[in-house]
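S.K.: Residues 211 to 782 (the numbering used here) are what the sequence shown spells out, left to right. All C-beta atoms, glycine included, are put in the ideal place defined by N, C-alpha and C.
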Amino acid sequence: MPPLTERQAVQQIIANDPLFHVEDRVVRGETLPVFVNAPDSLRSLLRLSADRYAASELMLYREERMTYGAFAERVWRFAHHLEVEYQIAPGDRVAIAMPNNPEYLIAVMAIASLGAVVVYLNAWWTAPELEYGFQDSGARLAIVDDERATRIVPFCQTLAITLIKTDALRQFDKAIPMTSSSSGRMPPSHDIQPDDDYAIMYTSGSTGHPKGVVLTHRSTLTALWSWLMIGPLLEATGQQRAPALDAVGQPLPLTNLVTVPFFHISGINACFLLNLCVGGKVIILPKWNADEAVALIDQEKVTRFWGVPTMSAELSAAADKAGSTLNTLGTIDAGGAKRPPSQVKGLAGQFSQAQPATGFGMTETNGLGIRMAGDEYIAHPGAAGRLTPPVQAMRIVDEDGSPVPSGDVGELQLKSAANMRCYLNQPEATAATLSEGWLKTGDLAYADETGLVFIVGRKKDIVIRGGENIACTEVEAALYQVSSGIKEASVFSIPDDRLGETVGAALYVEETVDIAMLNGDLKTILAKFKLPERYWIYAERLPRGATEKIDKRQIRDSCLAGEVPEADTSSR
211 MPPLTERQAV
221 QQIIANDPLF
231 HVEDRVVRGE
241 TLPVFVNAPD
251 SLRSLLRLSA
261 DRYAASELML
271 YREERMTYGA
281 FAERVWRFAH
291 HLEVEYQIAP
301 GDRVAIAMPN
311 NPEYLIAVMA
321 IASLGAVVVY
331 LNAWWTAPEL
341 EYGFQDSGAR
351 LAIVDDERAT
361 RIVPFCQTLA
371 ITLIKTDALR
381 QFDKAIPMTS
391 SSSGRMPPSH
401 DIQPDDDYAI
411 MYTSGSTGHP
421 KGVVLTHRST
431 LTALWSWLMI
441 GPLLEATGQQ
451 RAPALDAVGQ
461 PLPLTNLVTV
471 PFFHISGINA
481 CFLLNLCVGG
491 KVIILPKWNA
501 DEAVALIDQE
511 KVTRFWGVPT
521 MSAELSAAAD
531 KAGSTLNTLG
541 TIDAGGAKRP
551 PSQVKGLAGQ
561 FSQAQPATGF
571 GMTETNGLGI
581 RMAGDEYIAH
591 PGAAGRLTPP
601 VQAMRIVDED
611 GSPVPSGDVG
621 ELQLKSAANM
631 RCYLNQPEAT
641 AATLSEGWLK
651 TGDLAYADET
661 GLVFIVGRKK
671 DIVIRGGENI
681 ACTEVEAALY
691 QVSSGIKEAS
701 VFSIPDDRLG
711 ETVGAALYVE
721 ETVDIAMLNG
731 DLKTILAKFK
741 LPERYWIYAE
751 RLPRGATEKI
761 DKRQIRDSCL
771 AGEVPEADTS
781 SR
């Protein structure tokens, strides 16, 4: 019997597996298909996973190992601590600003289990950037490490922020005494509805400050359940590869190496929360190091690697140097930026047992969107993939909002219950991005006659550096702020073999600008990854288009072609 088509497989799974039963429901005024048997909140998801996988190992961080049962108990205890000692109630916003560690995940699940709202703050932000995050979110309690605390303390009193400092090397048991009451080991009992807010996560758009993306319990669980269905779908369509086996011939459990920050949608959703759905294990790598990643993959029998394309390339080189085939890996996934086609074919050749995979998603869609893996990805390495079923809809439209024919370029728009509720405090930006349930991605794309999607560019003025979105206007504003000698600035993306893109800047100056001093001043207000790598200097006004607007495309092309003098950044 021939394998099913994807459409047939989706219909069969929905009809026969109650786990993936789908019905139309009204969500935020729109009728949308939803998974009716998915957990109603992240607290319910944790309860289910803790009951089902209590003795299974959930995570490894340095020398610390933790089971599902132990993790859940620590989450419940910390939730009660937040409620009793800090009066955190449903709807309250609690910020987290620190690097990846077990305490980060305990805090996320404790806050969510109270019905409060997790505010994910970028741990790489400078003090002014963090201050903006607190002002915008209204969070008055923050869980931070020592380094972040030093950046926050100067404005703590002004904004009435209370800090809970935690060391990643210290067990919560030592910081929080065991409660004498059994309630400390039970989940909080507050009512949580599926469409209640669960998180605010910041993302750089095309203008100004980062936007706070408001996510609900349902929106996040919709993304998780869509990814959870990929396994049964591959099996039904005959695309599932044989898994790696342990010493007694049993399939290895899902084990993820976490290399991306938990304050990114891919880090918290695809690399952590998805594991709770299947009893998977996470190996937390505190700081990216390709040699250490290879050692951990072999030692812990990691089955899934997820990272930005730069990491895949460095992992490949490190494995070659170590003489490792990484033979337990089943998937080498990537997101945040497009892989070079040569890298796709190289990974497939070097790690024949592992499927290279790619995904396109946004913070605004909970990371859900388009995905492709295996032979189709190898055959079409320049494509973004196919829409992940079963609850999403996709369209590609022209400037008037009319669907374009197959092969024509338009704006990619996505519709599902996974989409954000809104941008925090920005009704105009929300209205411009969400319309009748459709989310305008700002990406220009086309689909071929089979539904394979190719992303060809962006309407948004951003640089994607190794998976980090950088708003060009934010960097331009910072340049004007730190130097009165800069009369005009144009910031744009420049190609980079390792990171995909980095930041470039063209400046019109009437006097000499010291680039080393300029970058030193920029570091006080911008995170390091946002700083321009290269500068070009114009002695006259920057080129304009017909409407007298600065012509960024012409400027970028001229600079990269060597037609404009480049500043010396050797002392940067």
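So, with DSSP's three-state summary, where would you put residue 402?
M.R.: Of the three classes helix, strand and coil, the one that applies to residue 402 here is coil, per DSSP.
S.K.: Excluding sequence positions up to five away, which residues of its chain have a Cβ less than 8 Å from the Cβ of residue 633?
M.R.: 421, 422, 423, 424, 639, 640 and 643.
S.K.: Is the beta carbon of residue 477 sitting closer than 7 Å to the one on residue 513?
M.R.: No.
S.K.: With DSSP collapsed to three states, give me the class of residue 482.
M.R.: Residue 482: helix per DSSP, three-state reduction.
S.K.: For residue 613 versus residue 607, is the C-beta distance shorter than 7 Å?
M.R.: Yes, the pair counts as a contact, with Cβ atoms nearer than the cut-off.
S.K.: Going along the chain, which residues of its own chain have a beta-carbon closer than 7 Å to the beta-carbon of residue 247, five neighbours each way excluded?
M.R.: These residues qualify, in order along the chain: 228, 229 and 231.
S.K.: If you draw a straight line from the alpha carbon of residue 251 to that of residue 431, how long is it in whole angstroms?
M.R.: Approximately 8 Å, taken between the alpha carbons.
S.K.: Apart from the five residues on each side of it in sequence, which residues of its chain come closer than 7 Å, Cβ to Cβ, to residue 526?
M.R.: So the list reads 556, 557 and 560, once near-sequence residues are dropped.
S.K.: Under DSSP, the alpha helix (DSSP H) around residue 289 begins and ends at which residues?
M.R.: Element bounds for residue 289: 278-296.
S.K.: Taking only the alpha-carbon atoms, compute the straight-line gap between residue 453 and residue 515 and give it to the nearest angstrom.
M.R.: Whole-angstrom Cα-Cα distance: 14 Å.
S.K.: Between 620, 593, 546 and 719, which has its C-alpha nearest residue 711's C-alpha?
M.R.: Checked all of 620, 593, 546 and 719; the closest Cα to residue 711 is 546.
S.K.: How big is the Cα-Cα spacing for residue 339 and residue 669?
M.R.: Their Cα atoms are separated by approximately 25 Å.
S.K.: Considering only DSSP beta bridges, list what residue 648 is partnered with.
M.R.: Residue 648 is bridged to 625 and 645.
S.K.: How is the beta strand (DSSP E) around residue 569 delimited, first residue to last?
M.R.: 565-571 is the extent of the beta strand (DSSP E) around residue 569.
S.K.: Skipping 5 residues on each side, what residues in its chain have a beta carbon closer than 8 Å to that of residue 754?
M.R.: So the qualifying residues of the chain are 760 and 761.
S.K.: Quick check on residue 460: buried or exposed, where buried means 16 or more other Cβ atoms within 10 Å of its Cβ?
M.R.: Answer is exposed; the Cβ neighbour count stays below 16.
S.K.: Can you give me the start and stop residues for the beta strand (DSSP E) that residue 694 sits inside?
M.R.: No beta strand (DSSP E) contains residue 694, which DSSP labels as neither H nor E.
S.K.: Does residue 317 come out as helix, strand or coil in the three-state DSSP assignment?
M.R.: Residue 317: helix per DSSP, three-state reduction.
S.K.: Considering Cα atoms alone, identify which of 275, 287, 332 and 281 is closest to residue 736.
M.R.: Of the candidates 275, 287, 332 and 281, the one whose C-alpha sits nearest the C-alpha of residue 736 is 332.
S.K.: By how many angstroms is the C-alpha of residue 573 removed from the C-alpha of residue 413?
M.R.: Looking at the two C-alpha atoms, the distance is approximately 7 Å.
S.K.: How big is the Cα-Cα spacing for residue 357 and residue 306?
M.R.: Cα to Cα, the separation comes out at about 13 Å.
S.K.: Output yes or no for whether 7 Å exceeds the beta carbon distance between residue 455 and residue 511.
M.R.: No, they are not a contact pair.
S.K.: Let me know the secondary structure DSSP gives residue 334 once reduced to three states.
M.R.: Reduced to three states, the DSSP call for residue 334 is coil.
S.K.: Give me the Cα-Cα distance between residue 361 and residue 518, rounded to the nearest whole angstrom.
M.R.: Distance between the alpha carbons of residue 361 and residue 518: 28 Å.
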